[in-house]
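Using this note's numbering, the first residue of the sequence shown is number 232, and each one after it goes up by one.
From the three backbone atoms N, C-alpha and C, an ideal C-beta is built for every residue, glycine too.
Presented below is the structure to which this report refers.
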Amino acid sequence: MVRSIRHLVAALALVIATTTLGVVATAGPASADACYTWSRTLSQGSTGDDVRQLQIRVSGYPGSGGVLALDSSYGPATKAAVTRFQQAYGLTADGVANAQTYSKIYALQDDDCTPANFSYAELNRCNSTWSGGAVSAATARANALVTMWKLQALRHALGDRPLTVNSGFRSTSCNSAVGGASNSRHLYGDAADLGAGSQGFCTIAKQARNHGFAMILGPGYPGHDDHVHVAAPASRFWSAPTCGI
Ligand SMILES: [Zn+2]
């Protein structure tokens, strides 16, 4: 008796799972995600942690020179960022985060919430704990996640070609070992040193201005002829003289 109930439960679970998969494959609604699932449409005026989760995903679309506040409040800047995200992926660009928007985010994100083309491991070649920097390990890791979504936006704008992060988070000792500045943003987890890839440093540095990086250092700035450094300090500092920045 117990055994047959177990079989029945298992069979029902299989039916439910199959049905769920079928719906996802055909209708394409907002689907459950191992990372995060939005349960409502969000638009200007919305507030809550689901807004903040959305802001992280569209943080690479603040417009030229902008930085999107992750303040859990869906104001005009968030609407504009969502609109730019929608435009970048050919969606209906109305600034409303709906099922179509979420489906694109789900398609872009991995189960650990990182965007498809970047990983926590790539953003931290220093240690596995994210500790030893200028902020708590949790903050450093969270900062790196936002940086990765900005990098995903930058990468997409540059034609979805590989964009390599050679250095991300650094503990104090890792930073000292590579001769980093004592107040380096790498200690905060929000910095990334980018390789040239097939785009070239100046193309990357110029495009980065549109994707939420308050700090951009590149060719012509001391020590930055062989990479582009992007980060998120509180105030803007861009310098890549060779690139006209
Ligand atoms: Zn750097």
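Test item: CB-CB of residue 364 and residue 373 under 7 angstroms: As a position in the sequence shown, residue 364 is number 133, starting the count at 1. As a position in the sequence shown, residue 373 is number 142, starting the count at 1. No, they are not a contact pair.
Proximity test, residue 422 beta-carbon vs ligand 1 heavy atom, cut-off 6 angstroms: Taking the first residue of the sequence shown as position 1, residue 422 is located at position 191. Yes, Cβ of residue 422 sits closer than 6 angstroms to a heavy atom of ligand 1.
Nearest neighbour of residue 445, chosen from 330, 290, 427 and 331 [CA to CA]: Along the sequence shown, read from residue 1 onward, the residue named residue 445 stands at position 214. Cα-wise, what sits closest to residue 445 is 290.
DSSP three-state assignment for residue 264, whether helix, strand or coil: Against the sequence shown, residue 264 aligns to sequence position 33. Of the three classes helix, strand and coil, the one that applies to residue 264 here is coil, per DSSP.
Cβ pair count under 8 angstroms reaching 3, the segment 348 to 363 against the segment 382 to 402: yes
Secondary structure of residue 480, DSSP reduced to three states: Residue 480 cannot be examined here, being either before or after the span of the chain that is shown, 232 to 476.
Close beta carbons around residue 472, own chain, < 8 angstroms, minus the five adjacent residues each side: In the sequence shown, residue 472 corresponds to position 241, counting from 1. If we look at residue 472 and ignore the five residues flanking it on each side, its Cβ neighbours are 450, 451 and 452.
Own chain, CB closer than 8 angstroms to residue 366, minus 5 neighbours either side, in chain order: Translated into positions along the sequence shown, residue 366 becomes position 135. Within the same chain, residue 366 has close Cβ partners 374, 418, 419 and 420.
Collapsed DSSP secondary structure at residue 275 in the structure displayed: Mapped onto the sequence shown, residue 275 falls at position 44. Here residue 275 sits in coil by DSSP.
Endpoints, the beta strand (DSSP E) within which residue 324 is located: Along the sequence shown, read from residue 1 onward, the residue named residue 324 stands at position 93. No beta strand (DSSP E) contains residue 324, which DSSP labels as neither H nor E.
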